[in-house]
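Notes for the one structure printed next.
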Amino acid sequence: MTQDTLLVMSGIDKAFAGVPALRGASLHVGYGEVHALIGQNGAGKSTLLKILTGAYRKDNGTITFHGRSVDFSSPKQSQQGGIATIYQEVNLVRLQTVSENVLLGHEPRRFGVIDWRATHAKARRILRGINVEIDVTQPLENYSLAVQQMVAIARALALNARLVVMDEPTSSLDDREVETLFRVIRQLRDQGVSVIFVSHRLDELYTVCSHITVMRDGQTVHQGELSHLGKLQLVSSMLGRNAQDVVQEGRTGFERARPGDDVILDAQLLERAPRVHGVNLQVRRREVVGLAGLLGSGRTETARTVFAAEPPRGGEVRFKNRVVRWKTPHDAIRDGVAFSGEDRKQDGIIPDWSVRENLTLALLPRLTRAGIVNRAAQQRVVEKFARRLNVRCASYDQPIRELSGGNQQKVLLARWLCMNPDLLILDEPTRGIDVGAKAEIQRLISELAGEGLGVLMISSELEELIEGCHRVTVLRDGRPVASLQEGDLSESRVLSAMAHDAHQPTLESDAHEGQHHAGHD
Amino acid sequence: MALSLPTSTRLAPATLLRGQGALVALVVLVAFAAFRYEGFFTLYNASTFFRYNAMFMLIAIGMTMVILTGGIDLSVGSVAAMTSVIAALASPHGAGVGLLAGVAAGAAIGLLNGLVITRLRVEPFIATLGTFLGARGIAQLASGQAAVSVDSSGGFARLGQGDWLGLPVPVVLVIVVFLAGLFLLRSTRTGRSIYCVGDNEDAARLMGFGVDQVKVLVYTISGLLAGVAGVVLAAQFGAGQPVEGVGWELTAIAGVVVGGTLLTGGRGSLFDTMVGVTLLGLIFNILNFENGKGVISIDVFWQNVIRGVFLLVVVILQSNSTRRKGE
Amino acid sequence: MLATTETPTPRGRRPFTPSSALIALLALVLYNIVANPNFLTLNSLNINMTQSATILIVAVGMTFVIATGGIDLSVGSVMAISGAIAPLLFLDRGLSPIVALPLAVILPLCAAALCGAFNGLLVTRFRIQPIIATLVLFIAGRGVAQVVSGGALVNFTGASFTALGTTRIFGVNIQVFLMLAILVIATWVMRSTLFGRYVVAVGGNDRASRLAGVPVNRTRITVYVISGVLAGLAGLITIAVNSSSDANLVGQNMELDAIAAVAVGGTALSGGRVTLVGTLVGALFIQLLRYTLLVNGVPDAAALVVKAAIIIAAVALQYRRK
Numbered sequence: 001m002t003q004d005t006l007l008v009m010s011g012i013d014k015a016f017a018g019v020p021a022l023r024g025a026s027l028h029v030g031y032g033e034v035h036a037l038i039g040q041n042g043a044g045k046s047t048l049l050k051i052l053t054g055a056y057r058k059d060n061g062t063i064t065f066h067g068r069s070v071d072f073s074s075p076k077q078s079q080q081g082g083i084a085t086i087y088q089e090v091n092l093v094r095l096q097t098v099s100e101n102v103l104l105g106h107e108p109r110r111f112g113v114i115d116w117r118a119t120h121a122k123a124r125r126i127l128r129g130i131n132v133e134i135d136v137t138q139p140l141e142n143y144s145l146a147v148q149q150m151v152a153i154a155r156a157l158a159l160n161a162r163l164v165v166m167d168e169p170t171s172s173l174d175d176r177e178v179e180t181l182f183r184v185i186r187q188l189r190d191q192g193v194s195v196i197f198v199s200h201r202l203d204e205l206y207t208v209c210s211h212i213t214v215m216r217d218g219q220t221v222h223q224g225e226l227s228h229l230g231k232l233q234l235v236s237s238m239l240g241r242n243a244q245d246v247v248q249e250g251r252t253g254f255e256r257a258r259p260g261d262d263v264i265l266d267a268q269l270l271e272r273a274p275r276v277h278g279v280n281l282q283v284r285r286r287e288v289v290g291l292a293g294l295l296g297s298g299r300t301e302t303a304r305t306v307f308a309a310e311p312p313r314g315g316e317v318r319f320k321n322r323v324v325r326w327k328t329p330h331d332a333i334r335d336g337v338a339f340s341g342e343d344r345k346q347d348g349i350i351p352d353w354s355v356r357e358n359l360t361l362a363l364l365p366r367l368t369r370a371g372i373v374n375r376a377a378q379q380r381v382v383e384k385f386a387r388r389l390n391v392r393c394a395s396y397d398q399p400i401r402e403l404s405g406g407n408q409q410k411v412l413l414a415r416w417l418c419m420n421p422d423l424l425i426l427d428e429p430t431r432g433i434d435v436g437a438k439a440e441i442q443r444l445i446s447e448l449a450g451e452g453l454g455v456l457m458i459s460s461e462l463e464e465l466i467e468g469c470h471r472v473t474v475l476r477d478g479r480p481v482a483s484l485q486e487g488d489l490s491e492s493r494v495l496s497a498m499a500h501d502a503h504q505p506t507l508e509s510d511a512h513e514g515q516h517h518a519g520h521d
Numbered sequence: 001m002a003l004s005l006p007t008s009t010r011l012a013p014a015t016l017l018r019g020q021g022a023l024v025a026l027v028v029l030v031a032f033a034a035f036r037y038e039g040f041f042t043l044y045n046a047s048t049f050f051r052y053n054a055m056f057m058l059i060a061i062g063m064t065m066v067i068l069t070g071g072i073d074l075s076v077g078s079v080a081a082m083t084s085v086i087a088a089l090a091s092p093h094g095a096g097v098g099l100l101a102g103v104a105a106g107a108a109i110g111l112l113n114g115l116v117i118t119r120l121r122v123e124p125f126i127a128t129l130g131t132f133l134g135a136r137g138i139a140q141l142a143s144g145q146a147a148v149s150v151d152s153s154g155g156f157a158r159l160g161q162g163d164w165l166g167l168p169v170p171v172v173l174v175i176v177v178f179l180a181g182l183f184l185l186r187s188t189r190t191g192r193s194i195y196c197v198g199d200n201e202d203a204a205r206l207m208g209f210g211v212d213q214v215k216v217l218v219y220t221i222s223g224l225l226a227g228v229a230g231v232v233l234a235a236q237f238g239a240g241q242p243v244e245g246v247g248w249e250l251t252a253i254a255g256v257v258v259g260g261t262l263l264t265g266g267r268g269s270l271f272d273t274m275v276g277v278t279l280l281g282l283i284f285n286i287l288n289f290e291n292g293k294g295v296i297s298i299d300v301f302w303q304n305v306i307r308g309v310f311l312l313v314v315v316i317l318q319s320n321s322t323r324r325k326g327e
Numbered sequence: 001m002l003a004t005t006e007t008p009t010p011r012g013r014r015p016f017t018p019s020s021a022l023i024a025l026l027a028l029v030l031y032n033i034v035a036n037p038n039f040l041t042l043n044s045l046n047i048n049m050t051q052s053a054t055i056l057i058v059a060v061g062m063t064f065v066i067a068t069g070g071i072d073l074s075v076g077s078v079m080a081i082s083g084a085i086a087p088l089l090f091l092d093r094g095l096s097p098i099v100a101l102p103l104a105v106i107l108p109l110c111a112a113a114l115c116g117a118f119n120g121l122l123v124t125r126f127r128i129q130p131i132i133a134t135l136v137l138f139i140a141g142r143g144v145a146q147v148v149s150g151g152a153l154v155n156f157t158g159a160s161f162t163a164l165g166t167t168r169i170f171g172v173n174i175q176v177f178l179m180l181a182i183l184v185i186a187t188w189v190m191r192s193t194l195f196g197r198y199v200v201a202v203g204g205n206d207r208a209s210r211l212a213g214v215p216v217n218r219t220r221i222t223v224y225v226i227s228g229v230l231a232g233l234a235g236l237i238t239i240a241v242n243s244s245s246d247a248n249l250v251g252q253n254m255e256l257d258a259i260a261a262v263a264v265g266g267t268a269l270s271g272g273r274v275t276l277v278g279t280l281v282g283a284l285f286i287q288l289l290r291y292t293l294l295v296n297g298v299p300d301a302a303a304l305v306v307k308a309a310i311i312i313a314a315v316a317l318q319y320r321r322k
């Protein structure tokens, strides 16, 4: 590598319990360079960053940083080595003062006693260096997230960091705050500090980054100057779809039933700050509707809002031709909605519980007479649905945590199918599960729709959406920017709506564009 | 161009009020009592009041440090009882030996707490529950289930009953400990790390602080100060008291919380704790005067009710303000 | 059809693996049988069972609370409250005994239920940590009991109310049967009722439970009410056994014994894994340990030290197993 490369990671391998997360990944960052690192969930970018910062140890490969071969064994070590990380949730001590957060552990001292006057002055000076004028004696939590990030950057400068890693720093900032952050990033660059910038907002990458590394399936699939890479190319390399192929690709999906005419779900102008703004959704019987969008586009939030996990603050939901005002998931479930979240561990399974109990959790009230659970009926349900979904387990008494991801997902699907719902909401139903189970689940969704269910499905995989859905609504920044029916439904159209690519206008994205910008506060 | 970011100083009135609420209440109560009761605003009352409450203050200072790290120490009451017995047993060898024995025994229990919490990874609540029982057991074993008289010849009793420079000796001890604690927390990196551990343990580790060492340190300090309180207890009543100290840990926790220290750690100050403990003690002092006036008659039993209600109001206020912050 | 198994063989009816506490309990029993000829007499068994009864009744309620990931420090004070209210009723000369006796059981239990509801409300609506929320009643509750009783010891030797603690059936005290009945019912509730399933679900993963339609807050409030009622009952038994009520002493340190029994028994303090049988084992173990030390001339005080060490060891072991 050349002299002016600050960081060279090459041939990095990493496996978790035998499952490879990184396969020969590489990342090169030059001095004073703002470098974009992108990839879908599970592409391996956070694993790569965690190896860089010492949170994980690599299995194979080499890392050279500032001319020396390094292998950090803890985040503390990498920090001492000159790498600072700024997370989306700022990893600082929020109740302490700004000065302390900038200088903790490095306060100026006299005879071992902290010299507060000098500490405050030094913190103020460093912050002023990046044009932030705030009262450094206030607790950090009194300031907005944007300021907290600035403080984290100031700390990086105080510790003489050469490389600052920013993991989705803009995801909870408003436009003005983003602008400020960018100004500081440029300042860092001019001072010779390099920045690795992770974001899913493509516009931002083009505004602030000069170089880019794209990751997919644990490998580095593209690296180079960002100006040489168009947005559409970028998205297609991220998703692994060749732009030309995409345009020509035919539809090879399953045999699909024609959607019925009766609308099950009709949501109008849903509002739930900060991620859901004026979303309209319709799902008919026998119809699979997809929700597409990059991470942070508000697709998960939209689904949760419909399900009343976070009830809407505005708009109207009609369910089976009746206006409903669900306050909790309990209400939505009672009326016939089912929801399987994207985070199986946090929002789905009860890890220590058996397959049997996990499967029937939502159905329990209906298996109960006078407060007593009918075990025989429970057993019948478990057998029927575990069989139908082909759940592989040693016994129904086995704790669900011992099952593979795919089988856990099947149990969770069974939890909802045994409820015989009218509407099934699936957030990333096939994420992180093996190929066989994935195909089974996709086939099942299509079958279920054929039987009269309405399905609302979120997926990061375009292929899954295109092949499985009758209709796809694309969200960007919490707003619907395109609704593609069979006929217009193609990967390239979804891609360009997601990427907001001006050269490939979609039917609705132009119309929404003005509104999008005006609506941003 | 200096940027004017939205500083969003959500320094809501509630926060301010919570910070100073206890102090305001204290001032109001003192003014009220001074106006209403003859003999309240006297040197004698003040001296008696602080001499007795000094023990709670000592314990509460240690408890504050533990709570700042997000932990809790239930063992302090038992430890005080235990050390009062040990100090009384050692008192024939001289006041200094008695003091040292009591303090060392307390520190040893505290060290044990810290090690169990950091090495065995037992939750602080359970670990200190263990020493809560264990220390009480040792107190009863060592004392043979009865109060152990202190040796009156060696001047040990002065540690509880005497005066120094016109101040009750226990109060002098509190002042010394308070100032030392203030210095530790405010002006040393160790002190700052106590706050950081309770604020965000991961961040503290990332910033290079030895989280486990900090925890061991605060539990040891808490045990040590409970030891000092036990010595004062023995000296004040002229005997080691194996059955005293019941519920002291809760008095201390209540005092710390009323003072405004966050139970989840990371924020609080020794000064607030002093105010909180004084406030709680004052309520009962005032009740005594009120009863003494004979106008009304409030049972001492109301003490606990009032203390509980106080705690309730404070934690509800705390929970509201932290919840708003979290959202 | 159940497809092939790559996963390890099922551990049978898994929930109650023979815990270390059970082995320790059996060892203690064996030791006593060998070393203490009087141990296997009805009288000594009755003593041990009678003394475990109140601990266990409270510990059952505590198990429900801990199963949801909470804790209830107020049980001792709630015992004192119910123990203070009951004598007011059955000693009231204005009430005929036929009315007074049932009232003396029902009203204290209602008060205890109210205390539990109060705890539950603090935990759910105000989102206060359970330790602190129940600390409020722990402190104030005993004061309430003292205020109710006037703080004086109430003696009622010979009152028919004492039957609740002194009646013997086949030479065994009535509260032992009460305790067993409660244990059986609680086990059944935990295993076979909707509510019981919800309790474990909430403790296992409250976010997932909420998304599956489980009424999380209602479940939480209910477990605190159950804990309150059972503590109230234990308070009634305690005063019946003593033929006197002393608000200062009834239920003192009970929260610690109950938590210790639950923890030693193998219920996870973080919630989600419950064994009521374990709680029984834990309560019996703690009682038998005290008895064994006492019989061998080791004072109660030393038993405290041993108890402390054992609780810590049990919890530390639990952590290792995770």
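Protein chains in written order, with our numbering: chain P, 1 to 521; chain G, 1 to 327; chain Z, 1 to 322. Each residue gets a CB set at the ideal place from its N, CA and C atoms; glycine is no exception. Remember, predicted model here, so these are calculated numbers, not experimental data.
Segments assigned alpha helix (DSSP H), at least 4 residues, entirely inside the segment 92-143 of chain Z = 97-124
In chain Z, which residues lie less than 7 Å from His330/P when you measure between Cβ atoms?
-> Gly213 and Pro215
Identify the residues that DSSP records as bridge partners of Ala534/P: which are they?
-> Look at the range of chain P in this structure, 1 to 521, and you will see that residue 534/P is not part of it.
Between the segment 301-317 of chain G and the segment 77-87 of chain G, do at least 3 Cβ pairs fall closer than 8 Å?
-> no
Name, going along the chain, the residues of the segment 102-136 of chain Z whose beta-carbon falls closer than 9 Å to a beta-carbon of chain G.
-> Leu122, Phe126, Arg127, Ile128, Gln129, Ile131, Ile132, Ala133, Leu135 and Val136
In its own chain, which residues sit with a C-beta less than 7 Å from the C-beta of Ala362/P, not counting the 5 before and 5 after it?
-> Ile333, Arg415, Trp416 and Met419
In whole angstroms, what separates the C-alpha of Gly250/P from that of Pro259/P?
-> With a pLDDT of only 40 at Gly250/P, under the threshold of 50, the placement of this residue in the model should not be trusted; the figure read from the coordinates follows. So the alpha carbons of these two residues sit roughly 21 Å apart.
Beta carbon proximity, Ile350/P to chain A, threshold 8 Å | The question asks about chain A, but that chain is absent: this structure's protein chains are P, G and Z.
Nonlocal neighbours in the same chain, by C-beta distance under 8 Å from Thr238/Z, ignoring five residues either side | Thr54, Met79, Gly83, Gly165, Val250 and Gly251
Consult DSSP for Trp188/Z and reduce its assignment to one of helix, strand or coil.
-> helix
Using 10 angstroms around the beta-carbon of Lys14/P, count the other beta-carbons present and answer buried if the total reaches 16, otherwise exposed.
-> buried
Whole angstroms is fine: what's the gap from Ile221/G's alpha carbon to Leu73/Z's?
-> 26 Å
Proximity below 8 Å, CB of Thr170/P to CB of Ser194/P | no
What's the call for His211/P, buried or exposed, on a 16-neighbour Cβ count within 10 Å?
-> buried
Taking DSSP as the reference, what is the three-state secondary structure of Gln268/P?
-> strand
Min CB distance Thr252/P to chain Z below 8 Å = Residue placement at Thr252/P is poorly supported in this model, since its pLDDT is 43, which falls under 50; the coordinates still yield a value, given next. It does not; no Cβ of chain Z falls within 8 Å.
When you compare only the Cα positions, how much space is there between Val246/P and Ser236/P?
-> In this prediction, Val246/P scores a pLDDT of 44, lower than 50, which makes its location untrustworthy; no coordinate-derived value is stated.
How should Gly452/P be labelled, buried or exposed, when 16 other C-beta atoms within 10 angstroms of its C-beta is the threshold for buried?
-> exposed
Any idea if Asp262/P is buried or exposed, counting beta-carbon neighbours within 10 angstroms, 16 or more meaning buried?
-> exposed
Assuming Lys45/P and Ile51/P make a contact with CB atoms under 8 Å, what is their CB distance in whole Å?
-> Not quite, the Cβ-Cβ distance comes to about 11 Å (not below 8 Å), so this is no contact.
If you drop the 5 nearest sequence neighbours on each side, which residues of the same chain put their C-beta closer than 6 Å to that of Gly405/P?
-> Gly432 and Ile433
Alpha carbon to alpha carbon, how far is Arg192/G from Val136/P?
-> 16 Å
What is the rounded straight-line gap between the Cα of Gly30/P and the Cα of Ile196/P?
-> 10 Å
Which value, in whole angstroms, describes the spacing of the CA atoms of Ile132/Z and Arg286/P?
-> 51 Å
List the residues of chain P whose Cβ lies closer than 8 Å to the Cβ of Phe195/Z, in chain order.
-> Gly371
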